[in-house]
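*Asks:* Residues 50 to 215 in the numbering used here are what the sequence shown lists, from first letter to last.
The C-beta atom is built at its ideal place from N, Cα and C for all residues, glycine as well.
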Amino acid sequence: MTDKIELAKIKKEADLNEWYPKKTEMAKRFIEEEQKQKKRNMVKGAIHLCQLGQNLGSEQSEERPVIIVSNDRINSSSTNIKVIPLTKTLKTKTIINRKKVEQVVPRVGTHYFLKKDKYPFLDFDSAAMAEGVTTVSKIRIGKHLGNLTSDDLQKVLSRLKWVFDL
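1. Which full runs of the alpha helix (DSSP H) of 4+ residues lie inside the region 119-193, going along the chain?
2. Okay, do the region 186-196 and the region 75-85 touch, 3+ Cβ pairs below 8 Å being the bar?
3. For Q109, which of helix, strand or coil comes out of DSSP?
4. Whole angstroms are fine: how far does the CA of K148 sit from the CA of K60?
5. Please state if the CB of E112 and the CB of L98 are separated by a distance shorter than 8 Å.
6. Over what stretch of residues does the alpha helix (DSSP H) that includes L98 continue unbroken?
7. So, H160 versus A95, is the Cβ gap smaller than 8 Å?
8. Could you compute how far the alpha carbon of I123 sits from the alpha carbon of L105?
9. Can you tell which of I117, Y69 and W68 has its C-alpha closest to the C-alpha of K131?
10. Closer than 7 Å by C-beta to K93: which residues in its own chain qualify, once you throw out the five before and the five after it? Chain order, please.
11. On the three-state DSSP scale, how would you describe N44?
12. How should E209 be labelled, buried or exposed, when 16 other C-beta atoms within 10 angstroms of its C-beta is the threshold for buried?
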């Protein structure tokens with residue numbers, strides 16, 4: 050067990066060391082482009098690639114799709130936005146729905162599934178992880194992949210409301 054923990058520590062340290070120069074470059078670029086970043090047009094419900102870097106514990110890391118969930122007033126006037134990360138790891142359970150049909154649903158109540166057949170710009174079926182909502186600088190936001198339907202956005206936001214007990 051100790052060897053496994055030591056190997057995990059060594060890997061995390063290597064990942065952090067690899068991330069540091071990238072983070073430094075992004076920070077310098079932000080200093081040069083602060084006003085440009087503030088004016089970047091970000092829209093609630095849009096899915097973008099986002100460089101989350103290397104984080105701690107079970108926080109989401111690396112470049113991955115995120116859903117912008119902050120309101121458009123903030124999105125148009127701030128250098129930071131609120132995002133929900135997506136994961137390709139789908140934690141599922143099977144239930145019998147009201148029509149007496151088996152249905153696969155998220156095992157975690159704060160997750161909402163986005164299917165690749167509905168959102169072909171996603172590389173995988175994905176789960177929006179509302180409990181992972183975080184604030185990021187717009188400098189971390191990359192390519193726009195697409196937008197959620199208004200119905201799916203409302204379902205994601207309902208999970209976010211549950212996270213904050215609103």
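*Replies:* Reading off the structure:
1. List check, alpha helix (DSSP H) in window: 121-126.
2. Judged by Cβ distances under 8 Å, the region 186-196 makes contact with the region 75-85, as three or more pairs qualify.
3. Translated into the one-based positions of the sequence shown, residue 109 becomes position 60. Residue state, collapsed to three classes: coil.
4. By one-based count along the sequence shown, residue 60 stands at place 11. By one-based count along the sequence shown, residue 148 stands at place 99. Each residue's alpha carbon lies about 48 Å from the other.
5. Here residue 98 refers to the residue found at position 49 when the sequence shown is read from its first residue. Here residue 112 refers to the residue found at position 63 when the sequence shown is read from its first residue. It is a contact, given that the beta carbons lie within the stated cut-off.
6. The residue you call residue 98 lines up with position 49 of the sequence shown. Counted as a single uninterrupted DSSP element, the stretch harbouring L98 is not any alpha helix (DSSP H) but the beta strand (DSSP E) occupying residues A95 to Q100.
7. As a working mapping, residue 160 is identified with position 111 in the sequence shown. As a working mapping, residue 95 is identified with position 46 in the sequence shown. Cβ atoms of H160 and A95: not closer than 8 Å.
8. Taking the sequence shown and counting its residues from 1, the one referred to as residue 123 is at position 74. Taking the sequence shown and counting its residues from 1, the one referred to as residue 105 is at position 56. If I take the Cα positions, the gap works out to 27 Å.
9. Translated into positions along the sequence shown, residue 131 becomes position 82. Looking at I117, Y69 and W68, the one whose alpha-carbon comes closest to that of K131 is I117.
10. Taking the first residue of the sequence shown as 1, we reach residue 93 at position 44. So the list reads I117, V118, S119, N120, D121 and N124, once near-sequence residues are dropped.
11. Any question about residue 44 goes unanswered here, given that the chain covers just 50 to 215.
12. Within the sequence shown, residue 209 is the residue found at index 160, counting from 1. It should be noted that the sequence gives Leu, not Glu, for residue 209. Around the C-beta of L209, 16 or more other C-beta atoms lie within 10 Å, and the residue is accordingly described as buried.
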